[in-house]
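Engineer: First residue of the sequence shown: 7, per our numbering; consecutive thereafter.
Using N, Cα and C, we set each Cβ at its ideal position, and we do this for glycine too.
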Amino acid sequence: MSADYEHLQRAAKDHLWMHFTRHDSYRDADVPIMVRGEGAYLYDAHGKRYLDGLAGLFVSQLGHGREDLAEAAAAQAKELAFMPLWSYAHPSAIELADKIAAYAPGDLNRVFFTSGGGEAVETAWKLAKNYFKLTGRPMKHKVISRAIAYHGTTQGALSITGLPLLKQQFEPLVPSTFRVPNTNIYRAPQHGDDPEAFGRWAADQIAVAIENEGPDTVAAVFLEPVQNAGGCFPPPPGYFQRVREICDEYDVLLVSDEVICAFGRLGHMFGAERYGYQPDIITCAKGITSGYAPLGAMIASERLMEPFLADGEMFAHGYTFGGHPVSTAVALANLRAFEEEKVLENVRSNEATFRSTLERLKDLPIVGDVRGDGYFYGIELVKDKATKETFDDDESERLLRGFLSGALFEAGLYCRADDRGDPVVQLSPPLICGQEEIDFIAATLREVLTEAGKRADLMPHSSGEEPAPGARAAWGAEKN
Ligand code: PLP
Numbered sequence: 007m008s009a010d011y012e013h014l015q016r017a018a019k020d021h022l023w024m025h026f027t028r029h030d031s032y033r034d035a036d037v038p039i040m041v042r043g044e045g046a047y048l049y050d051a052h053g054k055r056y057l058d059g060l061a062g063l064f065v066s067q068l069g070h071g072r073e074d075l076a077e078a079a080a081a082q083a084k085e086l087a088f089m090p091l092w093s094y095a096h097p098s099a100i101e102l103a104d105k106i107a108a109y110a111p112g113d114l115n116r117v118f119f120t121s122g123g124g125e126a127v128e129t130a131w132k133l134a135k136n137y138f139k140l141t142g143r144p145m146k147h148k149v150i151s152r153a154i155a156y157h158g159t160t161q162g163a164l165s166i167t168g169l170p171l172l173k174q175q176f177e178p179l180v181p182s183t184f185r186v187p188n189t190n191i192y193r194a195p196q197h198g199d200d201p202e203a204f205g206r207w208a209a210d211q212i213a214v215a216i217e218n219e220g221p222d223t224v225a226a227v228f229l230e231p232v233q234n235a236g237g238c239f240p241p242p243p244g245y246f247q248r249v250r251e252i253c254d255e256y257d258v259l260l261v262s263d264e265v266i267c268a269f270g271r272l273g274h275m276f277g278a279e280r281y282g283y284q285p286d287i288i289t290c291a292k293g294i295t296s297g298y299a300p301l302g303a304m305i306a307s308e309r310l311m312e313p314f315l316a317d318g319e320m321f322a323h324g325y326t327f328g329g330h331p332v333s334t335a336v337a338l339a340n341l342r343a344f345e346e347e348k349v350l351e352n353v354r355s356n357e358a359t360f361r362s363t364l365e366r367l368k369d370l371p372i373v374g375d376v377r378g379d380g381y382f383y384g385i386e387l388v389k390d391k392a393t394k395e396t397f398d399d400d401e402s403e404r405l406l407r408g409f410l411s412g413a414l415f416e417a418g419l420y421c422r423a424d425d426r427g428d429p430v431v432q433l434s435p436p437l438i439c440g441q442e443e444i445d446f447i448a449a450t451l452r453e454v455l456t457e458a459g460k461r462a463d464l465m466p467h468s469s470g471e472e473p474a475p476g477a478r479a480a481w482g483a484e485k486n
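1) Relative to the C-alpha of A108, which residue among S307, A343, D317, H330 is closest?
2) Return the chain-ordered list of same chain residues with a C-beta closer than 8 Å to the C-beta of D58, the five sequence neighbours on each side being excluded.
3) Which class does R16 belong to by DSSP, given the choice of helix, strand or coil?
4) Three-state secondary structure (DSSP) at L350?
5) For P466, is the classification buried or exposed, using 16 other Cβ atoms within 10 angstroms of its Cβ as the cut-off for buried?
6) Going by DSSP in three states, H25 sits in which element: helix, strand or coil?
7) So R461 and L387 are supposed to be a Cβ contact under 8 Å. How far apart are they, rounded?
8) Are the CB atoms of Q161 and P331 nearer to each other than 7 Å?
9) Measure the alpha-carbon distance for P195 versus L310 and round it to whole angstroms.
10) With three or more C-beta pairs closer than 8 Å as the rule, is the region 142-157 touching the region 169-184?
11) For the alpha helix (DSSP H) holding G53, just list the boundary residues, first then last.
12) Would you give the residue range spanned by the alpha helix (DSSP H) that Y298 belongs to?
13) Closest by CA to V3, which one among A423, G324, D104, L133?
14) Quick one, are the C-beta atoms of A103 and V117 less than 7 Å apart?
15) What is the rounded straight-line gap between the Cα of A9 and the Cα of I212?
16) Report the CB separation of V37 from K19 in whole angstroms; it is logged as a contact under 8 Å.
17) So I212 is in the alpha helix (DSSP H); what residue range does that whole segment cover?
18) Using only the heavy atoms of the ligand PLP, determine whether one of them is closer than 6 Å to the beta carbon of E251.
19) Pick out the complete beta strand (DSSP E) segments inside the region 333-414, 3 residues or longer, and give them in chain order.
20) Looking at the secondary structure, which residues open and close the beta strand (DSSP E) in which F184 lies?
21) Buried or exposed: D428, going by 16 or more other Cβ atoms within 10 Å of its Cβ?
22) With H, G and I counted as helix, E and B as strand and the rest as coil, what does DSSP make of L140?
23) Nearest by alpha-carbon distance to A130: which of I305, A61, T396, D200 is it?
24) To the nearest angstrom, report how far apart I100 and E85 are at their CA atoms.
25) Just checking my contact of Y281 with F239 at CB under 8 Å: how many whole Å lie between their CB atoms?
26) Okay, do the region 247-258 and the region 362-370 touch, 3+ Cβ pairs below 8 Å being the bar?
27) Taking the beta strand (DSSP E) that V454 falls in, what are its first and last residues?
28) Counting Cβ pairs closer than 8 Å, one from the region 266-274 and one from the region 283-296, do we hit at least three?
29) Is it buried or exposed, R16, if we count other Cβ atoms within 10 angstroms and call 16 or more buried?
30) Could you tell me the boundaries of the beta strand (DSSP E) in which G43 lies?
31) Just to confirm my understanding: we take N188, look at its own chain, exclude 5 residues before and 5 after, and list those with CB closer than 8 Å. What are they?
32) Specify, as a first and last residue, the run of the alpha helix (DSSP H) that K105 falls within.
33) From T359, F397, T393, pick the residue whose C-alpha is nearest to that of D379; which is it?
34) Taking DSSP's pairing of strands, which residues face K135 in a bridge?
35) Let me check understanding here. Comparing Cα to Cα, which of V214, L229, H274, H13 lies closest to Y256?
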């Protein structure tokens, strides 16, 4: 072991506070240190190669080690390293706003830059509240979002998040947010065999929540095109069209939280485009720069900015680093590469084989469901395929943390085993991947999930007298 490596390990353990990390798991084990990336691959400090099956964290759309993006950052830093967007502007932010407005659906032409996704979500909620105050409906301030959905960690975004275990230690959070069911058709409480009826039912729960809260108090509904947490829930057919009708009927803003789904993840610039609906606001981040610099954005419709254009008005909101020149320059280079290299086309042309390759894993007893769209999939693991019986907390802990995460990584696949809802393996590789990488993902999963299945077999099954699938997904109305 080199002295450098030893130093990094020691310093990581002594000083680096990692995000969402159980530090005790590294008490007797090395912190995995990644040092380099090239294309779809990451390399650790020992030189071992991993396929980046999660695009870092749903970020690295164009993969790693691109000189054009690194050079765009360097050139901008040399020219103008910093200038805020507080009453001033700089060329790359202006050009990027122009480009994003052109890509965004309908009249989503107003782009407010942030440093990341959570800030974009905060911004959208604040805009919704402020807009209704300026337009004579000052009571409209509440937000509706979906069970198990993740929208960020700042207190507003966390309040909108539907994961009670991530929230309780920070209560009280920002009040006035409410949860409705998500579109997990695999565990649908009704209409599970009829996607359209299920979609209509799930969308109608938003209307029920608005009625329950009082339409004149509800400002916005925050939905991801494909919900990530819980393991990739695509919208059933007609879902977003019905949500749009409901939002129009009750004068509630539809916020499409595309922090993961925008910029090619689903084969289109925006998820709303893929599923054919018109949001009032899109929040985005991550893939906008493919991770070569941090950036987020809230894209709002013309009508939402209009009241702020009146004499003396302003949106009293901003971030020092929102729209940082280096980040916006990188985003421009990133989007240029998307066009020149036909990145969206690559996703669309490989999507069907990606899906069918993963679906073959369904012959494994532990694989209950494979779902997702584009280059974004979740594989739900079950104890019993016939009854969809899931693992209890302790079993899930042993299976995911005790075995799967480590075994997949060991086998050279960086991805995520997650149990924020029911246990799933999440996949979201760089958009430059092709059949070779897809085959590697599937072969690695087959090997590791086969072993996981053997371990799961040793776990006790329910007697069958229990009410079926103990999905830990909360369908109920969890508040805040
Ligand atoms: N919204 C969604 C849908 C996300 O997936 C995330 C992060 O994964 C966020 C918001 C928060 O983004 P950030 O971590 O950049 O603050």
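Structural biologist: Result, derived from the coordinates:
1) Here residue 108 refers to the residue found at position 102 of the sequence shown. Distances from the CA of A108 to each of S307, A343, D317, H330 were compared; the closest alpha carbon is that of S307.
2) Counted from its first residue, the sequence shown places residue 58 at position 52. If we look at D58 and ignore the five residues flanking it on each side, its Cβ neighbours are G43, A46, Y47, L48, S66, G69, H70, Y420, P435, P436.
3) For the purposes of this step, residue 16 is taken as the residue at position 10 of the sequence shown. R16: helix per DSSP, three-state reduction.
4) Here residue 350 refers to the residue found at position 344 when the sequence shown is read from its first residue. Three-state result, L350: helix.
5) Here residue 466 corresponds to residue number 460 of the sequence shown, with the count starting at 1. Counting Cβ neighbours within 10 Å, P466 comes out exposed, since fewer than 16 surround it.
6) As a first step, residue 25 is located in the sequence shown; it is residue number 19 there, counting from the start. It is coil, neither helix nor strand.
7) As a first step, residue 461 is located in the sequence shown; it is residue number 455 there, counting from the start. As a first step, residue 387 is located in the sequence shown; it is residue number 381 there, counting from the start. Contact flag wrong, Cβ pair sits at about 11 Å.
8) Numbered from 1 along the sequence shown, position 155 holds the residue referred to as residue 161. Numbered from 1 along the sequence shown, position 325 holds the residue referred to as residue 331. Contact flag unset, no.
9) For the purposes of this step, residue 195 is identified with residue 189 of the sequence shown, where counting begins at 1. For the purposes of this step, residue 310 is identified with residue 304 of the sequence shown, where counting begins at 1. Roughly 36 Å separates the two Cα atoms.
10) Inter-segment contact for the region 169-184 and the region 142-157 is present: three or more beta-carbon pairs are separated by less than 8 Å.
11) Residue 53 sits at position 47 when you count from the first residue of the sequence shown. Looking at the DSSP string, G53 is not in any alpha helix (DSSP H), and its letter there is neither H nor E.
12) Looking up residue 298 in the sequence shown gives position 292. Looking at the DSSP string, Y298 is not in any alpha helix (DSSP H), and its letter there is neither H nor E.
13) Summary: the structure shown does not reach residue 3, with the chain confined to residues 7 through 486, and so no result is reported for it.
14) Within the sequence shown, the letter at position 97 stands for residue 103. Within the sequence shown, the letter at position 111 stands for residue 117. Yes, they are a contact pair.
15) Here residue 9 is taken as the residue at index 3 of the sequence shown, counted from 1. Here residue 212 is taken as the residue at index 206 of the sequence shown, counted from 1. Taking the straight line joining both Cα atoms gives about 57 Å.
16) As a position in the sequence shown, residue 37 is number 31, starting the count at 1. As a position in the sequence shown, residue 19 is number 13, starting the count at 1. Contact holds; Cβ gap of about 7 Å.
17) Within the sequence shown, numbered from 1, the residue matching residue 212 stands at position 206. That run of the alpha helix (DSSP H) goes 201-219.
18) For the purposes of this step, residue 251 is identified with residue 245 of the sequence shown, where counting begins at 1. False, no ligand heavy atom lies under 6 Å from that Cβ.
19) 373-379, 382-387
20) Here residue 184 refers to the residue found at position 178 of the sequence shown. 183-186 is the extent of the beta strand (DSSP E) around F184.
21) Numbered from its first residue, the sequence shown carries residue 428 at position 422. Flag for D428 reads buried.
22) Here residue 140 is taken as the residue at index 134 of the sequence shown, counted from 1. In this structure, L140 counts as helix in the three-state DSSP scheme.
23) Translated into positions along the sequence shown, residue 130 becomes position 124. A130 has its Cα closest to that of I305, out of I305, A61, T396, D200.
24) Here the question's residue 100 lines up with position 94 in the sequence shown. Here the question's residue 85 lines up with position 79 in the sequence shown. Roughly 16 Å separates the two Cα atoms.
25) Here residue 281 refers to the residue found at position 275 when the sequence shown is read from its first residue. Here residue 239 refers to the residue found at position 233 when the sequence shown is read from its first residue. Actually they do not touch by this definition, with Cβ atoms about 12 Å apart.
26) no
27) The sequence position of residue 454 within the sequence shown is 448, counting from 1. Looking at the DSSP string, V454 is not in any beta strand (DSSP E); the run it does join, the alpha helix (DSSP H), is 441-463.
28) yes
29) Here residue 16 corresponds to residue number 10 of the sequence shown, with the count starting at 1. The residue is exposed, with fewer than 16 neighbouring Cβ atoms inside 10 Å.
30) Reading the sequence shown from its first residue, position 37 is the one you call residue 43. 40-44 is the extent of the beta strand (DSSP E) around G43.
31) Walking along the sequence shown from the start, residue 188 turns up at place 182. Contacts found: R152, A153, I154, A155, G168, A208, Q233, G236, F239, A479.
32) On the sequence shown, residue 105 is found 99 positions in, with the first residue counted as 1. Element bounds for K105: 97-109.
33) For the purposes of this step, residue 379 is taken as residue 373 along the sequence shown, with counting starting at 1. Measuring from the Cα of D379, the nearest candidate turns out to be T359.
34) Mapped onto the sequence shown, residue 135 falls at position 129. According to DSSP, which records beta bridges pairwise, K135 is partnered with nothing at all.
35) Within the sequence shown, numbered from 1, the residue matching residue 256 stands at position 250. Measuring from the Cα of Y256, the nearest candidate turns out to be V214.
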